[in-house]
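A.B. asks: Taken in sequence, the protein lines are chains Y and L. Using our numbering, read the first sequence as starting at 11 and increasing by one per residue. Using our numbering, read the second sequence as starting at 15 and increasing by one per residue.
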Amino acid sequence: MSAKIVIGLDGSGSGERAVAFAKKQAKQIGTCELIAVYVIEWSPFSFQTPEENEQRHKRRVEETDAANSRIISPAVDALKADGFNARGVVKHGDVADLLNAVAVEEGADQIVVARSSDGGFASRLFGSSTANLVMTATVPVTVVG
Amino acid sequence: MKKLALTTLALSAAGSTSAFAQEARSIDQAVNETFAAVTGPFVSFIFSPFPGTSFPWIVMWLVIAASLFTVYFGFIQVRGFKHSIQLVKGDYADPNDAGEVSHFQALTTALSGTVGLGNIAGVAVAVGIGGPGATFWMIMAGLLGMASKFTECTLGVKYRNEYEDGTVSGGPMYYMSKGFAERGLPGGKILAVVFAIFCILGALGGGNMFQANQAHAQISSITGAYPGWITGIVFALVVYAVIVGGIKSIANVTEKVVPFMGVLYVGTALIILLLNYDKIGWAFGQIFEGAFTGLGVAGGFVGALIQGFKRAAFSNEAGVGSAAIAHSAVRTKEPITEGLVSLLEPFIDTVVICTMTALVITISGLLMVDPATGNFVLNGDGNAIATVGDVSGVSLTSAAFATGFSWFPYVLAIAVVLFAFSTMISWSYYGLKAWTYLFGEGKTTELVFKIIFCVFVVIGASASLGPVIDFSDAAIFAMAVVNITALYFLMPVVKREMNSYMDRLKSGEIKRFKH
Numbered sequence: 011m012s013a014k015i016v017i018g019l020d021g022s023g024s025g026e027r028a029v030a031f032a033k034k035q036a037k038q039i040g041t042c043e044l045i046a047v048y049v050i051e052w053s054p055f056s057f058q059t060p061e062e063n064e065q066r067h068k069r070r071v072e073e074t075d076a077a078n079s080r081i082i083s084p085a086v087d088a089l090k091a092d093g094f095n096a097r098g099v100v101k102h103g104d105v106a107d108l109l110n111a112v113a114v115e116e117g118a119d120q121i122v123v124a125r126s127s128d129g130g131f132a133s134r135l136f137g138s139s140t141a142n143l144v145m146t147a148t149v150p151v152t153v154v155g
Numbered sequence: 015m016k017k018l019a020l021t022t023l024a025l026s027a028a029g030s031t032s033a034f035a036q037e038a039r040s041i042d043q044a045v046n047e048t049f050a051a052v053t054g055p056f057v058s059f060i061f062s063p064f065p066g067t068s069f070p071w072i073v074m075w076l077v078i079a080a081s082l083f084t085v086y087f088g089f090i091q092v093r094g095f096k097h098s099i100q101l102v103k104g105d106y107a108d109p110n111d112a113g114e115v116s117h118f119q120a121l122t123t124a125l126s127g128t129v130g131l132g133n134i135a136g137v138a139v140a141v142g143i144g145g146p147g148a149t150f151w152m153i154m155a156g157l158l159g160m161a162s163k164f165t166e167c168t169l170g171v172k173y174r175n176e177y178e179d180g181t182v183s184g185g186p187m188y189y190m191s192k193g194f195a196e197r198g199l200p201g202g203k204i205l206a207v208v209f210a211i212f213c214i215l216g217a218l219g220g221g222n223m224f225q226a227n228q229a230h231a232q233i234s235s236i237t238g239a240y241p242g243w244i245t246g247i248v249f250a251l252v253v254y255a256v257i258v259g260g261i262k263s264i265a266n267v268t269e270k271v272v273p274f275m276g277v278l279y280v281g282t283a284l285i286i287l288l289l290n291y292d293k294i295g296w297a298f299g300q301i302f303e304g305a306f307t308g309l310g311v312a313g314g315f316v317g318a319l320i321q322g323f324k325r326a327a328f329s330n331e332a333g334v335g336s337a338a339i340a341h342s343a344v345r346t347k348e349p350i351t352e353g354l355v356s357l358l359e360p361f362i363d364t365v366v367i368c369t370m371t372a373l374v375i376t377i378s379g380l381l382m383v384d385p386a387t388g389n390f391v392l393n394g395d396g397n398a399i400a401t402v403g404d405v406s407g408v409s410l411t412s413a414a415f416a417t418g419f420s421w422f423p424y425v426l427a428i429a430v431v432l433f434a435f436s437t438m439i440s441w442s443y444y445g446l447k448a449w450t451y452l453f454g455e456g457k458t459t460e461l462v463f464k465i466i467f468c469v470f471v472v473i474g475a476s477a478s479l480g481p482v483i484d485f486s487d488a489a490i491f492a493m494a495v496v497n498i499t500a501l502y503f504l505m506p507v508v509k510r511e512m513n514s515y516m517d518r519l520k521s522g523e524i525k526r527f528k529h
């Protein structure tokens with residue numbers, strides 16, 4: 011039976027560390043599929059202007075394309091080049107919720123994320139996505155430092 | 015139509031003795047007189063009464079439509095209320111559609127166009143002329159109007175245009191032309207063109223001049239009198255920066271601050287009501303008694319009724335067609351869901367927020383009552399209730415809230431400016447949609463409309479409230495004449511959609527998603 015590992019990417023250098031750790035795990039496991047996930051932060055409860063609403067569908071397509079071409083495709087291609095079984099997923103929504111949701115849907119054995127790269131007042135107040143994921147996930151989570 | 019004697023800048027500047035102020039006054043006065051003369055015939059026609067009565071036909075038109083839709087759709091505002099809230103919460107939103115416009119976003123965008131001065135100044139006008147009894151009719155109009163809104167917003171989504179680049183355009187113009195063609199009815203295109211013309215006038219009137227006018231009245235009541243055109247030019251420049259300059263940050267800040275101001279406004283009203291809890295029963299008594307007797311207001315109970323219905327329509331825009339433009343951007347496979355969500359709009363706008371304002375004004379004791387008869391005392395002109403400090407419009411609301419919290423006029427001034435601004439931005443969009451429907455899309459045609467829009471900001475701030483409010487009402491109601499005509503022809507389409515959706519909801523074919 012093959013294992014599955016979900017890797018949460020955030021488009022920054024810290025994502026590389028998560029990928030490196032997942033690769034190491036996958037090698038040890040043997041037959042393992044790596045699923046690279048990028049979540050575009052979005053809330054259905056934000057306030058928008060009429061113009062933003064009119065353009066929303068178009069923007070969503072652009073955002074998904076950009077995430078695929080800049081983050082997910084390069085990551086998946088690199089993994090495949092290294093001989094791994096890999097694919098990518100791009101979603102809109104809450105990062106912590108969706109990483110867990112993808113992992114549950116795919117029947118993944120664990121989620122690998124890097125330690126949150128953002129700090130500051132906002133993350134102190136609302137908690138970082140990583141911290142939220144660790145607290146709410148129903149799948150084992152590894153946070154790479 | 016005679017309205018109030020008002021405390022706008024044009025009049026208050028008259029008290030100034032400086033040469034500058036006199037010159038400024040003459041500019042404001044000239045704008046005012048020209049404007050009143052130009053718009054007079056249009057206003058008179060829209061508000062002309064049924065022969066032999068004092069009842070404006072346009073008010074009857076709105077009430078009959080809203081009542082008819084209520085019955086035709088089987089009291090959808092009651093039956094569908096719970097499901098509307100589930101839809102806004104996202105219980106039925108497909109997770110795969112995440113990132114698209116949600117029901118919540120479509121509703122709040124439309125609300126930021128409607129919640130505004132209608133709720134603050136408009137209600138004060140209604141209560142100031144029609145007495146507390148006008149509130150009863152306003153709530154009735156709000157409840158009935160939910161069915162009108164449901165009808166128009168369902169159609170707005172059903173017949174919107176989805177372009178290849180992924181953008182959408184919707185609204186009455188589209189359901190008139192496409193819906194009529196689909197049903198094999200003639201005249202859809204003509205209705206669409208007439209609607210678009212009135213929509214442009216409505217955008218310049220209620221969506222622009224009335225807002226600029228009352229924002230100026232509120233600012234000058236705090237800073238002291240100064241010429242209206244100054245406020246107008248400042249406002250026009252900011253509006254220009256957003257709609258022409260594309261400075262999104264201003265619009266974004268407004269979009270985020272306005273809901274906060276709305277909550278603050280309702281919260282403060284609630285606190286004032288709680289502090290005066292012993293008067294709430296009495297205030298409702300005044301509202302019910304006034305609704306059927308008028309309590310001595312001009313025109314008696316009919317006067318209260320007319321004011322209530324007029325101001326409710328102006329505030330929540332049900333049947334006007336504007337909301338159909340805003341709601342049509344939602345991502346849904348079922349147009350009826352947006353209709354259901356949109357019926358919350360008159361509820362929040364009129365039944366909740368307007369009622370709060372009316373209760374605070376009633377409780378404040380600013381409306382003068384003759385202790386001997388218990389009836390209201392009329393002002394010198396006999397066309398409105400005399401108030402303590404001779405205030406009306408937004409100044410009356412401000413003074414009423416100040417009886418609870420003396421600092422509130424400052425907060426209200428900020429709220430009024432922001433509400434006015436967000437309503438202007440929304441209506442500039444509605445007007446632009448109508449404009450491009452008529453003249454085609456293109457940078458130059460769009461720029462022409464945007465500049466006209468900014469010029470009207472200055473006119474609105476300079477003119478006195480009477481002519482501005484008359485024209486604003488007339489233009490908005492003219493939209494309703496055309497829109498409701500189309501709704502009558504297209505309502506079977508909505509009923510079909512509604513029955514099919516409700517059946518599938520009952521059978522479990524339409525599922526809730528786990529979130």
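The beta-carbon is built from N, C-alpha and C at its ideal position, and this holds for glycine as well.
Would a check of beta-carbon distances place Y:Gly-103 closer than 7 Å to chain L?
C.D. replies: Position 93 of the first sequence holds residue 103 of chain Y. So yes, Y:Gly-103 belongs to the interface.
A.B. asks: Which value, in whole angstroms, describes the spacing of the CA atoms of L:Glu-530 and Y:Val-154?
C.D. replies: Only positions 15 to 529 of chain L appear in this structure, which leaves residue 530 of chain L out of reach.
A.B. asks: For the beta strand (DSSP E) holding Y:Leu-19, just list the boundary residues, first then last.
C.D. replies: In the first sequence, the residue the question calls residue 19 of chain Y occupies position 9. Counting along the chain, the beta strand (DSSP E) containing Y:Leu-19 begins and ends at 13-19.
A.B. asks: Quick one: is L:Leu-215 buried, meaning 16 or more other Cβ sit within 10 Å of its Cβ, or exposed?
C.D. replies: Translated into the one-based positions of the second sequence, residue 215 of chain L becomes position 201. Buried.
A.B. asks: Output the distance between the C-alpha atoms of L:Ile-257 and L:Val-472, rounded to the nearest integer angstrom.
C.D. replies: Counting from 1 along the second sequence, the entry for residue 257 of chain L is found at position 243. Counting from 1 along the second sequence, the entry for residue 472 of chain L is found at position 458. Cα to Cα, the separation comes out at about 16 Å.
A.B. asks: Would you mind giving the Cβ-Cβ distance between L:Tyr-106 and L:Arg-526, rounded to the nearest angstrom? I have them listed as a contact below 8 Å.
C.D. replies: As a working mapping, residue 106 of chain L is identified with position 92 in the second sequence. As a working mapping, residue 526 of chain L is identified with position 512 in the second sequence. Yes, L:Tyr-106 and L:Arg-526 are in contact; Cβ-Cβ is about 6 Å, under 8 Å.
A.B. asks: So with CB distances below 7 Å, who are the chain L contacts of Y:Ile-50?
C.D. replies: Stepping through the first sequence from its first residue, residue 50 of chain Y is reached at position 40. Chain L residues near Y:Ile-50: Gly-113.
A.B. asks: Of all the options L:Gly-54, L:Thr-48, L:Ile-134, L:Phe-83, which has the alpha carbon lying nearest to the alpha carbon of L:Ala-326?
C.D. replies: In the second sequence, residue 326 of chain L corresponds to position 312, counting from 1. Answer by Cα proximity: L:Ile-134.
A.B. asks: For Y:Glu-51, I'd like the list of residues in its chain whose CB is within less than 7 Å of its CB, leaving aside the five on either flank, ordered along the chain.
C.D. replies: Stepping through the first sequence from its first residue, residue 51 of chain Y is reached at position 41. Same-chain partners within the cutoff: Val-105.
A.B. asks: Would you say Y:Asn-63 reaches chain L, if we count a Cβ-Cβ gap shorter than 7 Å as a contact?
C.D. replies: The residue you call residue 63 of chain Y lines up with position 53 of the first sequence. Judged by the 7 Å Cβ criterion, Y:Asn-63 is in contact with chain L.
A.B. asks: Return no unless some Cβ of chain L is closer than 7 Å to the Cβ of Y:Leu-19.
C.D. replies: What you label residue 19 of chain Y is simply residue 9 of the first sequence in a count that begins at 1. Chain L contact via Cβ: absent.
A.B. asks: Around the C-beta of Y:Gln-38, are 16 or more other C-beta atoms found within 10 angstroms, so that it is buried, or is it exposed?
C.D. replies: In the first sequence, the residue the question calls residue 38 of chain Y occupies position 28. Answer is exposed; the Cβ neighbour count stays below 16.
A.B. asks: Using a threshold of 7 Å, state whether the C-beta atoms of L:Ile-60 and L:Phe-491 are closer than that.
C.D. replies: Numbered from its first residue, the second sequence carries residue 60 of chain L at position 46. Numbered from its first residue, the second sequence carries residue 491 of chain L at position 477. Yes.
A.B. asks: I want to verify the contact list: residues of chain Y whose CB lies under 7 Å from the CB of L:Ala-338, in sequence order.
C.D. replies: Against the second sequence, residue 338 of chain L aligns to sequence position 324. Simply none; closest approach about 12 Å.
A.B. asks: When we look at the beta-carbon of L:Arg-197 and count the other beta-carbons within 10 Å, is it buried (16 or more) or exposed?
C.D. replies: Within the second sequence, residue 197 of chain L is the residue found at index 183, counting from 1. By the neighbour-count rule (16 or more Cβ atoms within 10 Å), L:Arg-197 is not buried but exposed.
A.B. asks: What are the boundary residues of the beta strand (DSSP E) that includes Y:Tyr-48?
C.D. replies: Locating residue 48 of chain Y in the first sequence gives position 38, where the first residue counts as 1. Residues 42-51.
A.B. asks: Could you spell out where the alpha helix (DSSP H) holding Y:Arg-69 opens and where it closes?
C.D. replies: As a first step, residue 69 of chain Y must be located in the first sequence, where it is residue number 59. Segment 60-77, the alpha helix (DSSP H) holding Y:Arg-69.
A.B. asks: Just how far apart, CA to CA, sit L:Lys-103 and L:Val-383?
C.D. replies: Numbered from its first residue, the second sequence carries residue 103 of chain L at position 89. Numbered from its first residue, the second sequence carries residue 383 of chain L at position 369. Roughly 45 Å separates the two Cα atoms.
A.B. asks: Using the C-alpha atoms, what's the distance from Y:Arg-27 back to Y:Met-145?
C.D. replies: As a working note, residue 145 of chain Y is residue 135 in the first sequence. As a working note, residue 27 of chain Y is residue 17 in the first sequence. Their backbone Cα atoms lie some 21 Å apart in a straight line.
A.B. asks: Spatial neighbours of L:Ile-264 within its chain, please: C-beta separation below 8 Å, excluding the five flanking residues on both sides.
C.D. replies: Within the second sequence, the letter at position 250 stands for residue 264 of chain L. Hits under 8 Å: Val-252, Ala-255, Val-256.
A.B. asks: Kindly indicate which three-state DSSP category L:Gly-445 falls into: helix, strand or coil?
C.D. replies: In the second sequence, counting from the first residue as 1, residue 445 of chain L sits at position 431. Residue state, collapsed to three classes: helix.
A.B. asks: Hey, L:Glu-359 and L:Ala-124 are a contact pair by Cβ (cut 8 Å); roughly how many whole angstroms apart?
C.D. replies: Against the second sequence, residue 359 of chain L aligns to sequence position 345. Against the second sequence, residue 124 of chain L aligns to sequence position 110. Contact holds; Cβ gap of about 6 Å.
A.B. asks: Any Cβ of chain L within less than 7 Å of the Cβ of Y:Arg-66?
C.D. replies: To locate residue 66 of chain Y, count along the first sequence from 1; it is residue 56. Yes, Y:Arg-66 lies at the interface with chain L (some Cβ there is under 7 Å from its Cβ).
A.B. asks: Could you pull the start and end residues of the alpha helix (DSSP H) that L:Ile-143 belongs to?
C.D. replies: As a working note, residue 143 of chain L is residue 129 in the second sequence. It spans 137-144 - the alpha helix (DSSP H) in which L:Ile-143 sits, taken as one unbroken run.
A.B. asks: Just verifying my parser: in three-state terms, what is the DSSP assignment at L:Thr-31?
C.D. replies: Here the question's residue 31 of chain L lines up with position 17 in the second sequence. In this predicted model, L:Thr-31 has a pLDDT of only 42, less than 50, meaning its place in the structure is not dependable; the value taken from the coordinates is given anyway. L:Thr-31 falls in the coil class under three-state DSSP.
A.B. asks: Give me the residue from Y:Ser-138, Y:Asn-142, Y:Val-114 with the minimum Cα distance to Y:Val-149.
C.D. replies: The count along the first sequence starts at 1 and reaches residue 149 of chain Y at position 139. That would be Y:Val-114, whose Cα lies nearest to the Cα of Y:Val-149.
A.B. asks: When the cut-off is 7 Å and only beta carbons count, does L:Lys-520 lie next to chain Y?
C.D. replies: In the second sequence, the residue the question calls residue 520 of chain L occupies position 506. No - not a single Cβ of chain Y is within 7 Å of the one on L:Lys-520.
A.B. asks: Buried or exposed: where does Y:Asn-110 fall if 16 or more other Cβ atoms within 10 Å of its Cβ makes it buried?
C.D. replies: Here residue 110 of chain Y refers to the residue found at position 100 of the first sequence. It counts as buried.
A.B. asks: Closer than 9 Å by beta-carbon distance: list the chain L residues that pair up with Y:Ser-22, in chain order.
C.D. replies: For this step, residue 22 of chain Y is matched to residue 12 along the first sequence. None at all; the shortest Cβ gap to chain L is about 21 Å.
A.B. asks: In chain L, which residues lie with their C-beta within 8 Å of the C-beta of Y:Phe-57?
C.D. replies: Taking the first sequence and counting its residues from 1, the one referred to as residue 57 of chain Y is at position 47. What Y:Phe-57 touches in chain L: Gln-119, Thr-122, Thr-123, Ser-126, Glu-269, Lys-270, Val-272, Pro-273.
A.B. asks: Could you tell me whether the Cβ atoms of L:Val-355 and L:Val-115 are closer together than 7 Å?
C.D. replies: As a first step, residue 355 of chain L is located in the second sequence; it is residue number 341 there, counting from the start. As a first step, residue 115 of chain L is located in the second sequence; it is residue number 101 there, counting from the start. No, these two residues do not count as a Cβ contact at 7 Å.
A.B. asks: Using only the alpha-carbon positions, how far apart do L:Val-508 and L:Phe-87 sit?
C.D. replies: By one-based count along the second sequence, residue 508 of chain L stands at place 494. By one-based count along the second sequence, residue 87 of chain L stands at place 73. Each residue's Cα considered, the two are about 9 Å apart.
A.B. asks: Against chain L, does Y:Arg-80 count as a neighbour if the rule is that its beta carbon must be under 7 Å from one of theirs?
C.D. replies: Within the first sequence, residue 80 of chain Y is the residue found at index 70, counting from 1. Output row for Y:Arg-80: interface = no.
A.B. asks: Mind the definition here: the region 199-209 of chain L touches the region 386-400 of chain L only if three or more C-beta pairs lie below 8 Å; say whether that holds.
C.D. replies: These segments do not touch.
A.B. asks: Buried or exposed: where does L:Ser-420 fall if 16 or more other Cβ atoms within 10 Å of its Cβ makes it buried?
C.D. replies: In the second sequence, residue 420 of chain L corresponds to position 406, counting from 1. When all chains shown are included, L:Ser-420 counts as exposed.
A.B. asks: Evaluate Y:Ser-22 with the Cβ neighbour count: other Cβ atoms within 10 Å of its Cβ, from every protein chain shown; 16 or more gives buried, anything less gives exposed.
C.D. replies: For the purposes of this step, residue 22 of chain Y is taken as residue 12 along the first sequence, with counting starting at 1. Y:Ser-22 is exposed by the Cβ-count criterion.
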